[in-house]
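For the sequence shown, this note's numbering gives the first residue as 260, with consecutive numbering after it.
The beta-carbon is built from N, C-alpha and C at its ideal position, and this holds for glycine as well.
Comments concern the structure below.
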Amino acid sequence: MQKRKNEIFTIVKDDIKNNLKSYAIIVIIFTVGIFLGVLFINQTEQKEEITEYINTYIEHTKTIQNGDFFGELKDDIKGNILLVLLLWFSGTTIIGIPIVFGILLFRGFCLGYTIASCVYVLGKIKGLIFVLITIFLQNIIFIPAIIILGVSSIKLYTSIIKDRRKENIKLSILKHSIRTVFILIALILSSIIKIGISYKLIIELIKYF
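Here you go:
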């Protein structure tokens, strides 16, 4: 088991090392999205809508506690499947790379918006604790997964640009597709963590906020 873990760690380490520029681009785009989400909250004057957004989010999680666990899990998995398919399809077309960047930017914006909203409604200390215990937990797998998929799209694009032979294109798309399948499995696990653990923590934590 330990040997297997070391092999996976080595593969991931080598992949990051060999594609450092691509990882840097994707991380920067995602980070810019987070920054824009936080900036939007700080600049907006619609504070009542922000409070309503968080309250709706909390009320929504309560419906899961009341027995809608599998329905919510199914919906979240469907959402992740659609996200992965969109990223995969965009990554297989040269003109789709801006779409990949746009999706990552938007996901970063959503995360930044949610974090800033929690801090605004709950206060700095309580808000950050809430974010770390709940939102951070459900994104431990999700964020690295979509970053890796974004990098895979760039690798596919670069490979096709460098070598336009039919054989190379087919092989590159196959590799990209295999990575996508593994990412999809990771995001399904992320959905289970989100609905099965994070949401339950939200219900328990909200009593103290």
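Given that a residue counts as buried once 16 or more other Cβ atoms are within 10 Å of its Cβ, and exposed if not, what is C369? Residue numbering aside, residue 369 sits at position 110 when the sequence shown is read from its first letter. That one is exposed.
At 4 residues or longer, and completely inside the segment 345–398: list those alpha helix (DSSP H) runs for me, N to C. 356–381, 383–389
Please report the Cβ distance between V380 and I313, rounded to the nearest whole angstrom; I am assuming they are in contact, meaning their Cβ atoms lie under 8 angstroms. Working through the sequence shown from its first residue, we reach residue 380 at position 121. Working through the sequence shown from its first residue, we reach residue 313 at position 54. 4 angstroms between Cβ atoms; contact.
Assuming K434 is part of the alpha helix (DSSP H), what are its boundary residues? As a working note, residue 434 is residue 175 in the sequence shown. Residues 425–452.
Range of the contiguous alpha helix (DSSP H) that encloses N301: Indexing the sequence shown from 1 puts residue 301 at position 42. Per DSSP, N301 belongs to the alpha helix (DSSP H) from 279–302.
How many Å lie between S349 and L332 at the Cα? By 1-based counting over the sequence shown, the position of residue 349 is 90. By 1-based counting over the sequence shown, the position of residue 332 is 73. Answer to the nearest angstrom: the Cα atoms are 26 angstroms apart.
Between E408 and L346, which are expected to be in contact by the criterion C-beta below 8 angstroms, what is the C-beta distance as a whole number of angstroms? The sequence position of residue 408 within the sequence shown is 149, counting from 1. The sequence position of residue 346 within the sequence shown is 87, counting from 1. According to the sequence displayed, residue 408 carries Leu and not Glu. Rounded, the Cβ-Cβ distance is 5 angstroms, consistent with contact.
When we look at the beta-carbon of N398 and count the other beta-carbons within 10 Å, is it buried (16 or more) or exposed? As a first step, residue 398 must be located in the sequence shown, where it is residue number 139. Answer is buried; the Cβ neighbour count reaches 16.
Taking C-alpha atoms, which residue in E307, I437, T315 lies nearest to V343? For the purposes of this step, residue 343 is taken as residue 84 along the sequence shown, with counting starting at 1. Among E307, I437, T315, the Cα nearest to that of V343 belongs to I437.
Do G367 and I293 have their C-beta atoms within less than 8 angstroms of each other? Start at 1 with the first residue of the sequence shown, and residue 367 comes out as number 108. Start at 1 with the first residue of the sequence shown, and residue 293 comes out as number 34. The answer is yes: Cβ separation under 8 angstroms.
Whole-angstrom distance between E308 and I354, CA atom to CA atom: Within the sequence shown, residue 354 is the residue found at index 95, counting from 1. Within the sequence shown, residue 308 is the residue found at index 49, counting from 1. Straight-line Cα distance between these residues: approximately 36 angstroms.
Please classify D334 as buried or exposed, where buried requires at least 16 other C-beta atoms within 10 Å of its C-beta. The count along the sequence shown starts at 1 and reaches residue 334 at position 75. Looking at its Cβ environment, which holds fewer than 16 other Cβ atoms inside 10 Å, D334 is exposed.
How many Å lie between K425 and G455 at the Cα? For the purposes of this step, residue 425 is taken as the residue at position 166 of the sequence shown. For the purposes of this step, residue 455 is taken as the residue at position 196 of the sequence shown. Computed Cα separation, rounded: 45 angstroms.
Would you tell me roughly how many angstroms separate the C-alpha atoms of P403 and I275, rounded to the nearest one? Here residue 403 is taken as the residue at index 144 of the sequence shown, counted from 1. Here residue 275 is taken as the residue at index 16 of the sequence shown, counted from 1. Cα-Cα distance, rounded: 12 angstroms.
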